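What follows is one structure encoded as structure tokens, with my remarks underneath.
2 protein chains.
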Amino acid sequence: MTTATLSLSELTAAATQAATISAAAPDAERAAWLTAVADALDANAAELVDIADSETSLGAPRLTGEVARTSGQLRLFARVITEGSYLEAIIDHADPASTPPKPDLRRILRPIGPVAVFSASNFPFAFSVAGGDTASALAVGCSVIVKAHSGHLRLSERTAEIVADALGAAGAPEGLFALVSGREVGTALVQDPAIKAVGFTGSIPGGRALFDLATSRPDPIPFYGELGSLNPVVITAAALAERSGQLAAGLAGSFTLGAGQFCTKPGLVFIPAGTSFAAEVAEASKDKPAVGMLTSRIAEAYPDGLRSFASVPGVDVVSGSVDQDAAANGAAPVVFSTSAAKVLENPEQLLEECFGPTTMLIEYTDQAELSAVLAKVPGSLTATLHAQSGEDITALVEQLSGLAGRVLFDGWPTGVAVNWAQQHGGPYPATTSLFTSVGATAVRRFQRPVAYQDAPETVLHPALHEANPLRIPRRVDGELVLP
Amino acid sequence: MTTATLSLSELTAAATQAATISAAAPDAERAAWLTAVADALDANAAELVDIADSETSLGAPRLTGEVARTSGQLRLFARVITEGSYLEAIIDHADPASTPPKPDLRRILRPIGPVAVFSASNFPFAFSVAGGDTASALAVGCSVIVKAHSGHLRLSERTAEIVADALGAAGAPEGLFALVSGREVGTALVQDPAIKAVGFTGSIPGGRALFDLATSRPDPIPFYGELGSLNPVVITAAALAERSGQLAAGLAGSFTLGAGQFCTKPGLVFIPAGTSFAAEVAEASKDKPAVGMLTSRIAEAYPDGLRSFASVPGVDVVSGSVDQDAAANGAAPVVFSTSAAKVLENPEQLLEECFGPTTMLIEYTDQAELSAVLAKVPGSLTATLHAQSGEDITALVEQLSGLAGRVLFDGWPTGVAVNWAQQHGGPYPATTSLFTSVGATAVRRFQRPVAYQDAPETVLHPALHEANPLRIPRRVDGELVLP
Chain A
236 MTTATLSLSE LTAAATQAAT ISAAAPDAER AAWLTAVADA LDANAAELVD
286 IADSETSLGA PRLTGEVART SGQLRLFARV ITEGSYLEAI IDHADPASTP
336 PKPDLRRILR PIGPVAVFSA SNFPFAFSVA GGDTASALAV GCSVIVKAHS
386 GHLRLSERTA EIVADALGAA GAPEGLFALV SGREVGTALV QDPAIKAVGF
436 TGSIPGGRAL FDLATSRPDP IPFYGELGSL NPVVITAAAL AERSGQLAAG
486 LAGSFTLGAG QFCTKPGLVF IPAGTSFAAE VAEASKDKPA VGMLTSRIAE
536 AYPDGLRSFA SVPGVDVVSG SVDQDAAANG AAPVVFSTSA AKVLENPEQL
586 LEECFGPTTM LIEYTDQAEL SAVLAKVPGS LTATLHAQSG EDITALVEQL
636 SGLAGRVLFD GWPTGVAVNW AQQHGGPYPA TTSLFTSVGA TAVRRFQRPV
686 AYQDAPETVL HPALHEANPL RIPRRVDGEL VLP
Chain B
236 MTTATLSLSE LTAAATQAAT ISAAAPDAER AAWLTAVADA LDANAAELVD
286 IADSETSLGA PRLTGEVART SGQLRLFARV ITEGSYLEAI IDHADPASTP
336 PKPDLRRILR PIGPVAVFSA SNFPFAFSVA GGDTASALAV GCSVIVKAHS
386 GHLRLSERTA EIVADALGAA GAPEGLFALV SGREVGTALV QDPAIKAVGF
436 TGSIPGGRAL FDLATSRPDP IPFYGELGSL NPVVITAAAL AERSGQLAAG
486 LAGSFTLGAG QFCTKPGLVF IPAGTSFAAE VAEASKDKPA VGMLTSRIAE
536 AYPDGLRSFA SVPGVDVVSG SVDQDAAANG AAPVVFSTSA AKVLENPEQL
586 LEECFGPTTM LIEYTDQAEL SAVLAKVPGS LTATLHAQSG EDITALVEQL
636 SGLAGRVLFD GWPTGVAVNW AQQHGGPYPA TTSLFTSVGA TAVRRFQRPV
686 AYQDAPETVL HPALHEANPL RIPRRVDGEL VLP
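Quick note, the sequences are listed as chains A and B, same order.
Numbering-wise (our numbering), the first sequence opens with residue 236 and increments by one.
Numbering-wise (our numbering), the second sequence opens with residue 236 and increments by one.
Following this line, the structure appears as structure tokens:
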């Protein structure tokens, strides 16, 4: 079910038809579809991991874990729609005595329609064909057309076969899910009148170009893009005094994880001036092996990014080499060191994401300088603080909350739990919206509210029936009521 | 506190400062600020209505009701934030035993920052200086800079004085609320880096121009615009057979209400072919008086719109005259009649909003033709169905749900209740977002999620403290828990 066999207009027509059917299907039925896809991924994990490893160099252990994460994600969304709060059902009964008289009004969230999903290169399962965008859109009753990432095309096609087969066997409508590939098809997809929203994970230039297309349509549609993130880390003097060795080891593990190709890689580390922490990080990083990157284009861009940092006066290489052939030999870790003053002089060049196993240590002299340089950091997915208990960190936490969607304490940002409370998103350019792309609340991106006024119960979604037959949480006359 | 005394950059700097203070203020305190504004509006209602009537011609009874609606709206938002669900607090406790281990994660919605609000002409209170956008943004802890509508500038300034005085007396921070005026200042406001979201109610061309500015910023911001709506009404043969007189009277009352200047005015009425309903509507409309419109520009545009409809072959004037001087004599009602076939031939010209007391009756021959012509109707705020019980209206309701944010049964769309379940918004161009601008859930437009991972309780918002000191509904480990 790709563009090889059907034209884009045939695919979007089928997706529109399928979305109508899925929107009318009971939540329990859609939950069963998601579970069927999860089971099929797990059942075919070994084959999928083999293909993925040959295309991405990410290694079997990591990829095996990612399949489990992806099937777990599908099962989470099945639980989310079964629980029912995601419908945000609200009922206000009529009040003929009020001035003016109030009608009976019942609101619910409904699926937005066919959704286009653009896969990421760096998570060939969790942010790709059967990843979070696809799962959350299917969960609420949308159809999905995935634009495959060229970095793992064979995996995308095989995953799509497994997904389509599982959906079909579970009774989902034809056309609910499809895969396309090619840059031009992707562009056409965002502009297609049948497409009602876009999910995207990728680079700032690529994402912004598609965002601009989505918002300049005659009928603009929401574009949920995750584009780029520097993920600042702040370490206080007290924390460094207490546990610098542990921090150096933790940082080295985090910025090199997956060859530094995580969107939550800690790219900026603010440390007090005048310590030996840089040497400790260098020591902790020096034995990390060079690792093959996702694609040759990414591997070629890595040393370019390194050299751009190194060319700034006042930026030192404290570990590794900027003159490396990452495409031939794998990407080797590089640690930079500079001062907050230098970053304030060259924000455009130094506050730039470099995809790969590198991080920048930035020395600050006092809280005022730290606050000034943090104010220049673009919106990020995460911000991390390492402090000691008893320190007054209120103002710092407030500032970090303003620049990131997730604020971590005494940890590292490269793990992203898939659960109800997760927020994977942040101010632009981290994301282009006020929503998460990971976790239960990701479904809200693909829903639109509709209110029914004085409607006969026969035409209402069961979630809005007076007797609450679905037994879901609802707000009735202003009060939240559990079933 | 207008541009006369402070520059825009001074205003936005003050708004940024005030937003930080308001974000940290307890909900109870912000609720008290909103209540103080509501009380002040009510206390000054007579003076405000006088000014408004002199500027808008809307008449004292309607304007008096609108002040009450506006103060009631402020009080609703005070209740919404006091109840606490609006924070969407979610707590997932740590699970060290899971693979990978899960951290403690606590999510909350936080205010987005300073918001720009563009007033509408047609609701000088409810969608203006102290209207729904302002109230919902202030409620969640944002600061607000209102761009006054030139159609009621004196009222805007007097309202702003009352709002600012009430906020100040209630202890709200300086800079939390400001008023500016002038088209160029409005444009600059949308592009100002300090502004984090925009609320707008107005025309499609004006709104789209500002939407394009907001989305083409280096850092795009959400633009919540309500732009235009045709508000289709469908009447079945059975309903017409049963109660045509009542329907004609109801329609005549609705499309002429407020000189047809409601965003929910029924502009398209689909009726079965071959009835005498057009004559009944003509009869019901003919004695409705000509009424002064909001501004001379609007009054001059009205006959232009009428003549555009009348120029289409196959469109008949069944009541009133397209050659009228609405600026001099007030706007007199005009009823048009045509067929679904003609609309399908000329969708661009006939499916166009005409601000004023006019509506278009459109005859359909069967369900297939009705469905085909409804498919051409642009996204609307409302869609209305008049049917008889026992009719199979499932497919029709499904189609109407797809094109509007509120679907009404056996009523008229020109009343918009302000409550928890309201949805005032719809597919583009009705609105540019997936949110309502009226009712409790309007607050979500001005909030962004932030998750805190392994945070010490001392830095967390009280809503996320383990003991739930605010006693609000929260989701804990996947389960919704009432206090």
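Every residue, glycine too, gets a C-beta built ideally from N, C-alpha and C.
Every value quoted in this text rests on a predicted model; they were computed, and no experiment measured them.
Alpha-carbon to alpha-carbon, residue j and residue i
{"i": "F458 of chain A", "j": "A351 of chain A", "result": "9 Å"}
{"i": "V425 of chain A", "j": "E461 of chain A", "result": "16 Å"}
{"i": "T237 of chain A", "j": "A370 of chain A", "result": "For T237 of chain A, the pLDDT reaches just 44, beneath the cut-off of 50, and the residue's location in the model is therefore unreliable, although a value from the coordinates is still provided. Those two C-alpha atoms are separated by around 19 Å."}
{"i": "D203 of chain B", "j": "D400 of chain B", "result": "The structure shown does not extend to residue 203 of chain B, since chain B is modelled only from 236 through 718, so no value can be given for it."}
{"i": "D454 of chain B", "j": "G463 of chain A", "result": "13 Å"}
{"i": "G674 of chain B", "j": "L643 of chain B", "result": "17 Å"}
{"i": "A562 of chain B", "j": "L309 of chain B", "result": "35 Å"}
{"i": "V468 of chain A", "j": "T619 of chain A", "result": "5 Å"}
{"i": "V433 of chain A", "j": "S289 of chain B", "result": "47 Å"}
{"i": "A484 of chain B", "j": "R297 of chain B", "result": "20 Å"}
{"i": "K523 of chain A", "j": "A567 of chain A", "result": "8 Å"}
{"i": "G348 of chain B", "j": "T251 of chain B", "result": "7 Å"}
{"i": "L631 of chain A", "j": "S451 of chain A", "result": "38 Å"}
{"i": "G650 of chain B", "j": "P359 of chain A", "result": "50 Å"}
Burial state of residue i, where buried means 16 or more other Cβ atoms lie within 10 Å
{"i": "S624 of chain B", "result": "exposed"}
{"i": "R706 of chain A", "result": "exposed"}
{"i": "S242 of chain B", "result": "exposed"}
{"i": "E282 of chain A", "result": "exposed"}
{"i": "R532 of chain A", "result": "exposed"}
{"i": "R418 of chain A", "result": "exposed"}
{"i": "R542 of chain A", "result": "exposed"}
{"i": "N357 of chain B", "result": "buried"}
{"i": "P261 of chain A", "result": "exposed"}
{"i": "D558 of chain B", "result": "exposed"}
{"i": "R680 of chain A", "result": "buried"}
{"i": "D427 of chain B", "result": "buried"}
Any C-beta of chain B under 8 Å from that of residue i
{"i": "T450 of chain A", "result": "yes"}
{"i": "A702 of chain A", "result": "no"}
{"i": "N357 of chain A", "result": "no"}
{"i": "F505 of chain A", "result": "no"}
{"i": "A698 of chain A", "result": "no"}
{"i": "Q657 of chain A", "result": "yes"}
Whole-Å CB distance - residue i paired with residue j, under 8 Å assumed
{"i": "V612 of chain A", "j": "L596 of chain A", "result": "With a Cβ gap of about 15 Å, V612 of chain A and L596 of chain A do not count as contacting."}
{"i": "L448 of chain B", "j": "G502 of chain B", "result": "28 Å between Cβ atoms; not a contact."}
{"i": "H621 of chain B", "j": "D601 of chain B", "result": "About 17 Å separates the two Cβ atoms, so there is no contact after all."}
{"i": "G367 of chain A", "j": "S672 of chain A", "result": "6 Å"}
{"i": "Q688 of chain B", "j": "L322 of chain B", "result": "With a Cβ gap of about 18 Å, Q688 of chain B and L322 of chain B do not count as contacting."}
{"i": "S556 of chain A", "j": "V569 of chain A", "result": "7 Å"}
{"i": "G386 of chain B", "j": "T530 of chain B", "result": "5 Å"}
Chain A contact for residue i (CB, 8 Å cutoff)
{"i": "T237 of chain B", "result": "Its pLDDT being 44, under 50, T237 of chain B is placed unreliably by the model, and the measurement read from it follows with that caveat. Output row for T237 of chain B: interface = no."}
{"i": "K337 of chain B", "result": "yes"}
{"i": "V284 of chain B", "result": "no"}
{"i": "L340 of chain B", "result": "yes"}
{"i": "T676 of chain B", "result": "yes"}
{"i": "L373 of chain B", "result": "no"}
{"i": "A332 of chain B", "result": "no"}
{"i": "Q602 of chain B", "result": "no"}
{"i": "R213 of chain B", "result": "Only positions 236 to 718 of chain B appear in the structure, and residue 213 of chain B is not among them; the question remains open."}
{"i": "D522 of chain B", "result": "no"}
{"i": "D454 of chain B", "result": "yes"}
{"i": "V632 of chain B", "result": "yes"}
Bridge partners - residue i, DSSP secondary structure assignment
{"i": "I380 of chain B", "result": "B:A351, B:A413"}
{"i": "L585 of chain A", "result": "Beta-bridge pairing links L585 of chain A to no other residue."}
{"i": "F435 of chain A", "result": "A:F353, A:G460"}
{"i": "A263 of chain A", "result": "DSSP output for A263 of chain A lists no bridge partner at all."}
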